[in-house]
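Reading through the structure tokens given below for one structure.
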Amino acid sequence: MRIDIVSIFPEYLDPLRLSLVGKAVDAGLVNLGVHDLRSFAHDRHRTVDDTPYGGGPGMVMSPVPWGEALDQIAGAHPGERIDGGTMTGGGVRPLLVVPTPSGERFTQSVAQQWSDEPWLVLACGRYEGIDTRVIEHYAGRSDWAGVREVSVGDYVLAGGEAAALVIVEAVVRLIPGVLGNAASVADDSFAAGSMERLLEGPVYTKPAEWRGIDVPEILMSGHHGRIAAWRAEQAHARTREHRPDLLG
Ligand code: ADE
18 MRIDIVSIFP EYLDPLRLSL VGKAVDAGLV NLGVHDLRSF AHDRHRTVDD
68 TPYGGGPGMV MSPVPWGEAL DQIAGAHPGE RIDGGTMTGG GVRPLLVVPT
118 PSGERFTQSV AQQWSDEPWL VLACGRYEGI DTRVIEHYAG RSDWAGVREV
168 SVGDYVLAGG EAAALVIVEA VVRLIPGVLG NAASVADDSF AAGSMERLLE
218 GPVYTKPAEW RGIDVPEILM SGHHGRIAAW RAEQAHARTR EHRPDLLG
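Going by my numbering, the sequence shown opens with residue 18, and the numbers climb by one from there.
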């Protein structure tokens, strides 16, 4: 998968060189590009924002540098595909992902869908957001795979960068070959399957007793059937307590 991220704070994305995503990049499973939006501005101050039409507080990001950045990025890697899949027609088309608190909810199932995409381009907005014509324009472009505006939760961040870190990590860990143990993905909270929409239950490791607290007997019984039943029960209890909305 190719992933490009555009931001006025490219260093904000440096953590993607670490840990699981960093390893996926090193292993060649992900081709990551981070781009400074300001390098697509033309004035001396490298301005990327302006006052909102209609008035109101704050500034809006100009469509001009965004259009130039996205066109250049899309043109720089035509037809690139690093996952071994076959190209069709005009080659691989990027999906434009715009993190915004006014987007649809980014969920595990969206992460699962996107882990199959050949190319994601994330556009990180700041201030009051990006001029809406950018969304409209790329949604209508046949050389792009579409536009998805997504929110990572019901709170407002200072910009799209922290959300982009969340989205990229959630997607990349689902790419086949990235996680050592594929079974751990199936057990995740929110994973599709038998425990769908349940939170993952409690976990324990050695020592068997720590500060007076024992590991539950059942986990040391070696009885796989009973352990599975206990875990399901725990998952239900945790979901009832922390996220009753998931149980309907
Ligand atoms: N940008 C600001 N807040 C956000 C959120 N909650 N989700 C995604 N992008 C954002």
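Note that the Cβ used here is the ideal one computed from N, Cα and C, for glycine as well.
Within the same chain, Arg19 come within 7 Å of His94 by CB-CB distance, once the 5 residues on both sides are set aside. In the displayed model, Arg248 falls within a helix according to three-state DSSP. The three-state reading of DSSP puts Glu234 in helix, counting H, G and I together.
Put simply, the region 52-59 touches the region 79-95. At least three CB pairs are less than 8 Å apart.
With respect to the 8 Å criterion, Leu137 and Pro116 are not classified as neighbours on the basis of their beta carbons. The Cβ atoms of Leu182 and Pro32 sit closer than 8 Å to each other. When Cβ pairs closer than 8 Å are counted between the two stretches, the region 32-47 is seen not to touch the region 149-161, the count staying below three. Annotation for Ile152: the continuous alpha helix (DSSP H) segment containing it runs 150-156. Partner residues in the beta bridge of Ala140, as assigned by DSSP, are Val23. For Asp53, DSSP records a beta bridge to Ser24.
The straight-line gap separating the alpha-carbon atoms of Leu215 and Ile192 is approximately 22 Å. Within its own chain, the residues whose Cβ lies closer than 7 Å to the Cβ of Tyr144, once the five positions on either side in sequence are excluded, are Asp66, Gly75, Met76, Val77, Met78, listed in chain order.
At the C-beta level, Glu186 and Tyr29 stay beyond 8 Å of one another. It is roughly 24 Å from the alpha-carbon of Phe207 to the alpha-carbon of Leu112. Taking Ser132 as the centre and dropping the five residues before and after it, the same chain places the C-beta of Val188, Leu191, Ile192 closer than 6 Å to its C-beta, in chain order. In this structure Val173 does not touch Phe123 by the C-beta definition: roughly 15 Å separates them, more than the 8 Å allowed. If the five residues before and after Glu134 are omitted, its C-beta is found closer than 6 Å to the C-beta atoms of Leu112, all from its own chain and listed in chain order. By the CB criterion at 8 Å, Tyr155 and Val164 fall inside the cutoff. With fewer than 16 other CB atoms across the displayed protein chains lying within 10 angstroms of its CB, His240 is exposed.
Cβ-Cβ distances below 6 Å link Gln125 to Phe207 in the same chain, with the five nearest sequence neighbours on each side left out; the list follows chain order. For the pair Ala225 and Val232, the Cα-to-Cα distance works out to about 5 Å. A direct Cα-Cα distance of roughly 31 Å separates Glu234 from Asp262.
The beta-bridge partner set that DSSP reports for Pro116 consists of Val167. In this structure, Arg243 and Gly218 do not form a Cβ contact; the two beta carbons are roughly 14 Å apart against a cut-off of 8 Å.
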